[in-house]
Each structure stands twice: as structure tokens, then as C-alpha cells.
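Worksheet for the structure shown next.
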Amino acid sequence: MFNSNKMRNALVAAMATLTLSSPVLANEQPIKVGMMLPFSGVYGALGDATRNGLKMALREQAAQLHGRKLEFIEIDTEARPERAPEIASSLLNNSEADFIIGPVHSGVAMGMLKVLRGKETVMIVPNAGAGPVTGPLCSPNVFRTSFSSWQPSYPMGKVALDKGYKKVVTMSWNYGMGKESLDAFEESFTAGGGEVVKKILVPFPKTEFQAYLSEIASINPDAVFVFFAGGGAVKFVKDYDALGLKGKIPLLGSGFLTEGTLEAQGPAAEGVMTTLHYADTLDNELNKAFRTSYKAEFGKASDIYAVQGYDTGLMIASAVNQLGGDISDQQALIKALGETTVKSPRGDFTFSAAHNPVQNIYLRTVENGENKVIEVAAPALADPARGCKL
Amino acid sequence: MTTSLFLVQLINGLQYGLLLFLIASGLTLVFGVMGILNLAHGSMYMVGAYLVWYFVEHTGSFGLSALISAVIALLIGILMERTLIRQLYRRNHLDQVLLTIGMIFVFNALQGLLWGNDPLGVAVPSALSSAIPVTDVLEYPVYRIFVALFCVGIAALMYFMINKTRLGMLIRAGESNREMVECLGIDIRKLYTIVFAIGVMLAAIAGVAAAPMSSIVPGMGEHILITCFVVVVIGGMGSIKGAFIAALLVGLVDTFASILVPQLSSMMIYILMAFILLIKPQGLFSS
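Line order of the protein sequences matches chains A and B. With full-length UniProt numbering, letter number 85 in the first sequence gets 85, and the count goes up by one each step, no holes. With full-length UniProt numbering, letter number 254 in the second sequence gets 254, and the count goes up by one each step, no holes.
Have a look at this one:
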């Protein structure tokens, strides 16, 4: 399996160099956009959606690029952190990518950061929420268009208090994103007088939840707050319902619990409350237009990952436009990117000093198989960016 | 831990263990009879889950879909044995590992092409969708009890087949002396095809049974495969009886470890395996 990957990477690199065979002026050269996304495996669907959104935005905004052509170099990370440094340095040194977009998975993000921090390229994270990316490991040339893991979960603490919940059990996989999400919830929940009576960390990627749910039932808290995503989220929500906890103990979560999973969860997800920086049903013109054209182009409904990819494209186009197509001065490029207001389907957002979005977090509840927006749980919420000196 | 919670966790553990047995039984059967280590066994678990999802979407009937999926799995098993596995009988374990790992990638790629990478779910069949109240908060879903009983049924059927039928006699004979069986005029190749196909079908049936109570995702086979290997190794490679006892043991240890020693829960089954191998290096019931 290792060889086939190397060969594929080599092929991609070869194709990339072939298209560049004649010496040309800097501005006639294409802008090279490297992608480090998972196109196969558990996160494959997320990688596909991100790529689709990114390309769609750059196509729509072609007029803003001042005639610059684009060249995409797509490499499958397979969401494997150990491969990340190698791929990142190949994109940096061999392909000389102007932008490196990725990844989905936080572990891969750490591997990429090791290689790309402070280098002659701009890294834009379209998903991975790991705190350090825009925290202790923040860097002028690293941006994020998605969220920090703190952001979607922090507002839920206050929501829970407003609902009158005092004793809550929190639960997640025992890994970065999960623990950071639980901590963020706990931070606002305990600050307002709530108590986390038990915190359950399940070994990743285990999905045998029955034993834990039996225990939660015996504790009988006011509510349960969880972080799970993808297949684990499907299994958790179904188990929660099957074991009879649903309807008796309210289930709260970081929004990923019900993103891209509702169809598989079926009626078990009805009534689950989550907080996130987006919802498919957001009622604004940009979102409606985005969803319609995405559906028309790719034949499937868009999701949050598509939006995050799309916003990454918007951000690049806007910065290139502002610089009149000349992105050779890295300082100027970083400044232009950092000052961008992204007109996103999720609502307009700007960037914090640490290069993380300052954005609305929405409270949603599942109704008839959709995440219905109830209210803005936290307007223009900025990550505290602890440990970042930018 | 209260008595009622203890009892609930006991049932949780047994139910998980029985499902593990259903998957592991095919793996150990194929290894015991044919000496083939089929790493693609987990993939057939995944294939079973995806197949039943696909047919439920089209027919609406879980029972019918389960039946079709099992038959398709049997046919895939026959095809795999006739074309690929057959090449391996006279080769060493490394070749088996290489081929069957390759098959994992093929199945994963096919899954991606045919069904995409989104997580999928199958609804619990309506006849079994009720639940039995256990405490004020907790209920036990009937479907899960049904699956547990179904696994016990399969175990009994396998016991009967291996010990009381002519096919079982041939399987046992083939296990102990392949050449002698051939000398007696039995077509061992046909026997191998049957055994391998049954093994594959058992994994797929486990995937079918698990589909309504889990999420159907890429890579679901690899994860379960590792746990199954633990079961097979603890039980003794090739022993169905061993797999049964070991599966229950692993299910119970995993369940109670999750609650009692959460920090260690991910390694408890491996500690159990190491401990048992120290005492019985060949596993509990090695043949």
C-alpha cells in the first residue's frame, strides 16, 4: 500500500511539472493550490466535499483572479498523521505550492504544521479543529476557515444553564477534538454554576457505547453533552434512543453529532440539540444560492465541509483580487488574507489575530430530519487563542 | 455498582460477546479446516452490512434483504475460494497474508465506488423495534436480545453440524489429515469451497445482524477484525468451542473494563489475551 501511494504522489507531481515546462513570468504562472485531504477511508466524504466547495468557489470567483490560472495538486492523506510531514514537504519543496489546503483530521494538521509553520507558503485549514493550530502553534502563514474545537462547544454550556440543567454527564472519544470540546462546554457550564457529574472518555475509535449508556442511565443526570462525529455519531445517537434514554435525558452535542449523519440516524436524532457555526437550513440568500448550485453541480446535497471548502476558495480569491493578482509578496498576501471578510453561506465572518474565524455559533435542533436553527447561541464568537502571540 | 446495573452490564457484555462469536466463528472455522488466515474476513462483515442496507433501501423488508445478502455472501465466498484462495493451499502464511490484505483494499475500494463514504444506517425491523423497560430510564431493545439469541442459535447449529453430520465429519477429518481424506475418495477441494463460503457467509450475516444497531461506515471491517483475532487467539486457532468461550470472555471483560477501569479499557482485552497465552500458549482449546 505504501508503494502505490508513493507512485500516485509521484504521478501527480510529474503531471504538475509537465504543465509547467516553459519558463514564464511570475504572474503568468498559475497559482498553485495544493490539497492535503482524505479522499478515501472514513473521512473520504469530508475530503470530497471540501474539494468540491473549494473548486466551486474559485470557479465562481474566476473574475477576481486577475487572469491568473489555477493549478490544483490533490494528494490523499488517508487521514494518516504519520504521512502528513512527508506530503506537506513535497508540496512545499517539490511543487512549490502557493497555498496548501488541508487537512480534515486534527492529527494530520499537527504533522503539517511541523513542516509548514513560517514557510514560504500559506496553509489554510478547512476543517481540523485542533486548538493549537490557532493557539500555541499559531503562525503568520497559517489560517483556518472552519472553527477551533473550542468554538462550537463553548456556547452550549450557557444554553444548558438557560434550560435549567444543573447536573450533566459529558462523553466523547478520548482524543484531542473530543477532549477539547468537552473542556469548552465545561468551561462555560461550570462558570455559570453547573456541575459535570461525570466525564466519560471512550477509547477512539470504539463504538460499543452500551456499557457507558447503561451507566449514564443509572446516574440519571439533567442532560448529557457529547462530542462524536461521523459513524460514531450515528451509532451513539441510535444507541441513545434504543436504550430508552432519549426523551428522558436531553441529549446535547457539538454540532458534528448531527452533521452528515441525520439520514443514517433516522428518527433517533429527532430533538437532539447541538451548537455549530453552520446549519444547512440557515435562512439567508447566500446559503440558499450556494446549496442550489452545489446540488446542481455535484448531484448531492452540500454540507458543512463543502461550505468550509467554499469559504477557503472565497478567501483566496478575495486576497488575490486585493493584490491585483500578484501574490509574490508573502507579507502582503498574509495581510490581505487576514483582513478578508468572507461572505459565507454561514454568515459573514472575519479573522482573529490568530487567524481563526470570528463567527456566529447557532443553536440547532433536529426536526423532521433537518438541523433547524433556533437562535444564534453566540454572535461573532472569537476563540480565546490561548498561547498564541500573534 | 447496584445489582440492577450489574445485571444490565452482564447482558451488555454477553450480547457483545455473542456478536463477536458470530464474526469470529467463520474466521476460526476457515483457519481450522483449511489452514488459511483470511485477513479479509472483516471486509465480509462490512460487505454484509452494506448489502443489507442496499436491499432494505430497495425492498423495504429487512428479512428478505438479510436472506438475499446471505446468499450473495455465499456466492462471493465460492468465487473467492475458486479464483484466489485456491492458489494459496500450498503456500506459506506470508503469501496468505499478502493476498488477503490485498483483498481488504479491493473490498474497501469497491465499497467506496458502489456506496460512497457517508455513514449509513438501517432501521430496526418494525416487528422487533419495541423495548423492554429495565429501570426508570433504561430500556433494553428487543432487537438486541433477538440478535443475541440468533447468535446462540448459530452456535448450536454449528455444533450440531460439526459433530453430528456427514459434512461435519469430513470437516473434522480434513482438519486432522488432509491427505488421508483425499485418499478415501473425498473431493477435498469441494469441501474447502463449502467451508470457505460458509465462513464468509457467517461474517456477512454478522454484518447484517449488526447493521440496524450500528453505523455502516468505511473501515468498519478492519476494526472488528482485530477484536476477532483476539477472540480466535484466546480460544485457540481453529476451535469453534474456544471461539465461543473466548468471545463471551472478551465481551464481558471489555464491557466491565469500560465501567470499572475506563483508563485501561482499550487494552484490557489484550491484557486478557497475554495472560491466557502465558498459561496456555496455544489458547484455551487448541486442536
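Just so you know, even glycine gets a beta-carbon here, dropped at the ideal spot from N, CA and C. The structure presented is a predicted model; accordingly, all values stated were derived computationally and were not measured.
Query	Result
Would you report the Cα separation of A57 of chain A and V147 of chain B, rounded to the nearest angstrom?	48 Å
Determine which residues share a DSSP beta bridge with M171 of chain A and list them.	A:I200, A:V226
If I measure Cβ to Cβ from V52 of chain B and keep anything under 8 Å in the same chain, skipping five residues before and after, which residues do I get?	F62, S65, A66, S69, V122, G207, V208, A211
Return the residue from the list A:L213, A:R144, A:G244, A:A229 that minimises the CA-CA distance to G178 of chain A.	A:A229
Are the Cβ atoms of P136 of chain A and N174 of chain A separated by less than 7 Å?	no
Would C183 of chain B be called buried (16 or more neighbouring beta carbons within 10 Å of its own) or exposed?	exposed
Determine the closest residue to E82 of chain A out of A:I101, A:E297, A:H105, with distance taken between C-alpha atoms.	A:H105
Tell me the rounded alpha-carbon separation between M132 of chain A and C138 of chain A.	Position check: residue 132 of chain A holds Pro in this sequence, whereas Met was assumed. Each residue's alpha carbon lies about 7 Å from the other.
Can you find a C-beta in chain A that's less than 7 Å from the C-beta of N12 of chain B?	yes
Would you tell me roughly how many angstroms separate the C-alpha atoms of G260 of chain A and A268 of chain A, rounded to the nearest one?	14 Å
Closest Cβ-Cβ distance between S214 of chain A and chain B: below 7 Å?	yes
Kindly indicate which residue of A:V122, A:E187, A:I100 has the alpha-carbon position closest to the one of A332 of chain A.	A:V122
Among the residues of its own chain, which have a CB less than 6 Å from the CB of P23 of chain A, if the five just before and after it don't count?	Bear in mind that the predicted position of P23 of chain A carries a pLDDT of just 43, short of 50, making it unreliable; the figure below should be weighed with that in mind. Cβ within range, chain order: n/a, list empty.
Taking DSSP's pairing of strands, which residues face Y140 of chain B in a bridge?	B:I132
Among B:L167, B:I216, B:A127, B:R90, which one has its Cα closest to the Cα of T207 of chain A?	B:I216
DSSP on L18 of chain B, reduced to helix/strand/coil?	helix
At a Cβ cut of 9 Å, what residues of the region 177-208 of chain A count as close to chain B, listed as they run along the chain?	I200, L201, V202, P203, F204, P205, K206, T207, E208
Would you say residue 391 of chain A and A79 of chain A are within 7 Å of each other, going by their C-beta atoms?	With chain A represented from 1 up to 390, any question about residue 391 of chain A goes unanswered, as that position is not in the structure.
So which residues of chain A does P125 of chain B contact, with C-beta pairs closer than 8 Å?	Simply none; closest approach about 13 Å.
For S21 of chain A and T50 of chain A, what's the separation of their Cα atoms in angstroms?	With a pLDDT of 43 at S21 of chain A, under the threshold of 50, the modelled position of that residue is not reliable, and no figure is offered here.
Suppose the cutoff is 8 Å on Cβ atoms and the five residues either side in sequence are ignored; what does the same chain contact list for V142 of chain B look like?	L128, S129, S130, A131, I132
Of all the CB atoms in chain A, is at least one closer than 7 Å to the CB of I226 of chain B?	no
I need the DSSP call for Y192 of chain B, collapsed to helix, strand or coil.	helix
Give a yes or no on whether 7 Å exceeds the smallest Cβ distance from S22 of chain A to chain B.	Any reading at S22 of chain A must be qualified, since the residue scores a pLDDT of 42, below 50, and its modelled position is unreliable; the value itself is stated next. No, its Cβ sits nowhere closer than 7 Å to a Cβ of chain B.
Let me see if you follow: with CB-CB separation under 7 Å, is S218 of chain A close to chain B or not?	yes
Could you tell me the boundaries of the alpha helix (DSSP H) in which M220 of chain B lies?	220-235
How should E186 of chain A be labelled, buried or exposed, when 16 other C-beta atoms within 10 angstroms of its C-beta is the threshold for buried?	buried
From the DSSP output, in three-state form, read off L243 of chain A for me.	coil
Answer yes or no: do M44 of chain B and V200 of chain B have a C-beta to C-beta separation smaller than 7 Å?	yes
For T261 of chain A, would you say it is in contact with chain B, using Cβ-to-Cβ distances shorter than 7 Å as the test?	yes
Using C-beta distances below 6 Å, list every residue in its chain close to residue 392 of chain A, excluding the 5 sequence neighbours before and after it, in chain order.	Nothing can be reported for residue 392 of chain A, as the shown portion of chain A is limited to 1 through 390.
Check each residue of the region 107-120 of chain B: if its Cβ is closer than 9 Å to any Cβ of chain A, include it; give the result in chain order.	N108, A109, G112, G116, N117, D118, P119, L120
Just tell me which of A:H66, A:S90, A:E375 has its CA closest to the CA of T77 of chain A.	A:S90
Under 8 Å Cβ to Cβ from H223 of chain B, same chain only, skipping five residues before and after it: list those, please.	G42
At 7 Å on the CB atoms, spell out the chain A contacts of P281 of chain B, in chain order.	None at all; the shortest Cβ gap to chain A is about 28 Å.
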